[in-house]
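Each remark here refers to the structure printed beneath this line.
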Amino acid sequence: MEYRNDIRNVAIIAHVDHGKTTLVDALLKQSHTFRENQDVGELIMDSNDLEREKGITIMSKNTAVMYKGVKINIIDTPGHADFSGEMERVISMADGCLLLIDAAEGPMPQTKYVLKHAFQRGLKVIVIINKTDRKDARIPEVIKLTQDLFLELATTSEQLDYPVIYAVGRNGTASIDPSIQGKDIEPIFEAILANVPPPEVKTGPFQMLVSNLDYDTHKGRISIGRIWRGGISPRESVVRINAKGELASYQIAEVFTFLGLKRLKVDKVEAGDICALTGIEIASIGDTIASPQQPEALPRIEIGEPTVEMTFVVNTSPLAGREGKFCTTRQLRERLIKELDTNLSLRVQDTESSDTFLVKGRGELHLAILIEMMRREGYEFAVSKPEAITKIIDGKVFEPVETLTIDTSEKYIGALNEMLSKRQARMMDMRKDEKDNVRLVFQIPTKGLLGFRSSFLTATRGEGIMNTSFLGYEPWRGGMVSSRNGVLVASEAGFAITYGLNNAQERGQTFIEPGTQVYEGMIVGLNSRLQDIPVNVCREKKKTNIRASVSDFSIHLTPPMKMSLEQALDFINKDELVEVTPEHIRLRKKTLSFTQRLRTIGAAKKEALSK
Ligand SMILES: Nc1nc2c(ncn2[C@@H]2O[C@H](COP(=O)(O)OP(=O)(O)OP(=O)(O)O)[C@@H](O)[C@H]2O)c(=O)[nH]1
Ligand SMILES: [Mg+2]
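So this is what it looks like as structure tokens:
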């Protein structure tokens, strides 16, 4: 077997927010990949708008640096559990990984998840205890917990022999000794050269697995992946092998490798390296690009199954079609299907109703990000409540279960326990420190997690952090009752006015401001009781009494509760929808007409009685 000593392929993996992208900044900057004084900013790799807004990585990305004549291909991955599919799809490009662990938080559920995958892929792991500058850093404890985690997951004794480096990614420093403050990031480069095996090279006809896709308006589709065998040059003929094993022929236009944030156009790339190819108009992640002489498919990338589903429906509200550029069934369907090329853990299915699509993903955030991207592109549609996906194994119903970790103050334990037991969670662990901070670990069915985040934030008054990670499928724990109150539903179309909203506020919490356009069946607030009630927020005060109408100025409305997209998805019930347009997020009843809703409720009651 031959190896290329001039290359290393490394993935950066960790729990969310443990500092992966910040560390990539330091590696890029200190490798002098940029011109001196070139201002490249921070979190360079989090390049798309949503990533910058949310402060999290959503998509895996490639970069590369040169260090002592060796090219290090670096793959940054997202740490949020909902985007695990992104980590799973790129990890096969690497031979080793940097496993970051926050020096205060220690190993978290997603740390375990990513380490398990790294072991499964046979990657060499380098542990980086990161953020050692944190005041609440507890390095000796974190090292101990890390050892425990390795002992739990390792399947070979070599896996237990891992180097540890202590870093402050944000300052660009690292050290192999926790008691000595590092001065630069070099110890990490050195650890990569010393520990990550150089890539194996197979000679023979070209073979590459597509692990990432990009698009360029001039060059068209760009397929990115690691070359396993042979080499490739511009103008060579190749075949693409898709999931069904079908072959299609193409001619390569241009060939690129990575360096810093740029792609370098090259005449040839050889096995072991990661490259980007243009000229292949159609490709999906997981496809193999190979020489026509030996068109063999590489094993496809296996991605964990989706756990949450919801329907995407053409917008049928009375305000439909006013703000969106793309509103039709065909446009909605085409956009969803296109997403499947790159979003590997997503599934899209047609349903009996031609304007409704069933979309499955890895969690609420995974689906919410897709919705947000689509509305920014000009799409308009409605979505239903996310629900956990069950499956039948040996005739029994199984449901997805997750690990939920909560860090908060001791005083909230009681309230959280009560809320979570209703959601069928089981407490697995509880640790306290001297300062009344607690870490609670639960196992909870995914269905119990849906809609939990907002009640969690309220219950802990913002003094809590929650994290989840997929655990597996377990036997169905039984149905759950919704604990949400009823809603205030607009009974008339028009524009909401202060007087009408003031009346509505006597019933509960409103969601809209005066001047907001509403329609019958739109949800305008939360009732303080369990049933839904119609309210006329457009109602004006009778004009006969002049004094009273002037006194409208004295009405002080409580500010409405404004929901983000994720909060809206969390909030709605099964008989409700979130209407999404480029400009608005509205909540509505599926059935808009009050009388029809009454009829449905009546019919359901009758049916229940007759049973
Ligand atoms: N104290 C301290 N904070 C850091 C350090 N490195 C990163 N951070 C902060 O940690 C937060 C998360 O950093 P990111 O680099 O975005 O973390 P990430 O692991 O890429 O996050 P995801 O990709 O979303 O999983 C940011 O607010 C950083 O400023 C560090 O060395 N010390
Ligand atoms: Mg990141």
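Just so we're on the same page, this note's numbering is the position in the sequence shown counted from 1, plus 338. Heads up, the beta-carbon is just placed ideally off N, CA and C, and yes, glycines get one too.
CB contact check: residue i to chain B, cutoff 8 Å
| i | result |
| --- | --- |
| R390 | Looking for chain B here will not work: only one protein chain is present. |
Whole-number beta carbon distance between residue j and residue i, since they are thought to touch under 8 Å
| i | j | result |
| --- | --- | --- |
| Y837 | P656 | Between P656 and Y837 the Cβ distance is about 23 Å, and since that is not below 8 Å, they are no contact. |
| K723 | K900 | Going by Cβ atoms, the distance from K723 to K900 rounds to 20 Å, so no, they are not a contact pair. |
| G824 | D870 | 4 Å |
| E661 | E921 | 5 Å |
| K684 | K698 | In the sequence as displayed, the identity of residue 684 is Leu instead of Lys. Sure, about 7 Å apart at Cβ, within 8 Å. |
Close-in-space but distant-in-sequence residues of the same chain around residue i (CB under 7 Å, 5 per side omitted)
| i | result |
| --- | --- |
| R935 | K927, T929 |
| T493 | F457 |
| A942 | none |
| V790 | First, the residue type needs correcting, since residue 790 is Phe and not Val in the sequence shown. Within the same chain, F790 has close Cβ partners R761. |
| S692 | T667 |
| D688 | F695 |
| L787 | E740, L742, T806 |
| D522 | Q368, G510, T511 |
| T680 | L551, I623 |
| G569 | F544, K606, V607, E608, A609 |
| L602 | F594, T595 |
| E748 | K770, D774, V776 |
| I410 | R346, V348, A402, V403, I530 |
Residue i burial status per 10 Å Cβ neighbour count (16 or more: buried)
| i | result |
| --- | --- |
| I620 | exposed |
| F833 | exposed |
| K469 | buried |
| E448 | It is worth fixing the name first, because residue 448 is Gln in this sequence and not Glu. Its Cβ being crowded by 16 or more others within 10 Å, Q448 is buried. |
| E851 | exposed |
| W344 | Per the sequence shown, the amino acid found at residue 344 is Asp instead of Trp. So D344 counts as exposed. |
| L461 | buried |
| S561 | buried |
| N386 | exposed |
| S931 | exposed |
| G940 | exposed |
| I744 | buried |
| I659 | Per the sequence shown, the amino acid found at residue 659 is Gly instead of Ile. With fewer than 16 other Cβ atoms within 10 Å, it is exposed. |
| K582 | exposed |
| D420 | buried |
Near ligand 2: residue i beta-carbon under 7 Å from a heavy atom
| i | result |
| --- | --- |
| T395 | yes |
| T806 | no |
| D387 | no |
| D440 | no |
| P416 | yes |
| T493 | no |
| D384 | yes |
| K469 | no |
| K392 | no |
| T848 | no |
| N358 | Before going further, note that residue 358 is Lys rather than Asn in the sequence given. Yes, the Cβ of K358 comes within 7 Å of a heavy atom of ligand 2. |
Own chain residues within Cβ distance below 8 Å of residue i, not counting five before or after
| i | result |
| --- | --- |
| C876 | A828, E830, A831, G832, F833, A834, I835, G838, V856 |
| R427 | S398, S549, N550, I623, G624, I639, I641, L682 |
| D605 | S571, P572, V593 |
| R472 | D440, A441, A442 |
| Y811 | K729, I731, F736, E737, P738, V739 |
| V577 | L585, A586, S587, Y588, I627, A628, S629, P630, P633 |
Contacting residues, own chain, Cβ-Cβ under 6 Å from residue i (five flanking each side not counted)
| i | result |
| --- | --- |
| M383 | T359, V362, K399, D414 |
| E340 | V539 |
| G863 | L826, A842, G846, Q847, T848, F849 |
| V502 | V465 |
| F488 | L498 |
| E750 | Reading off the sequence, residue 750 comes out as Tyr, not Glu. Around Y750: T798. |
| A364 | G507, G510, I523 |
| R815 | Q762, P783 |
| Y504 | I467, T470, S513, P516 |
Any non-hydrogen atom of ligand 1 closer than 7 Å to residue i Cβ
| i | result |
| --- | --- |
| R472 | yes |
| G444 | no |
| N400 | no |
| P525 | no |
| K330 | No information on residue 330 is available, as it lies outside the stretch 339 to 949 that the chain covers here. |
| R427 | no |
| L381 | yes |
| R508 | yes |
| K603 | no |
| A352 | yes |
| D355 | yes |
- Task: Please confirm if the region 382 to 391 is in contact with the region 476 to 489, defined as three or more CB-CB distances below 8 Å between the two stretches.
- Result: no
- Task: Please determine if the region 350 to 357 and the region 431 to 438 are in contact, where contact requires at least 3 C-beta pairs separated by less than 8 Å.
- Result: yes
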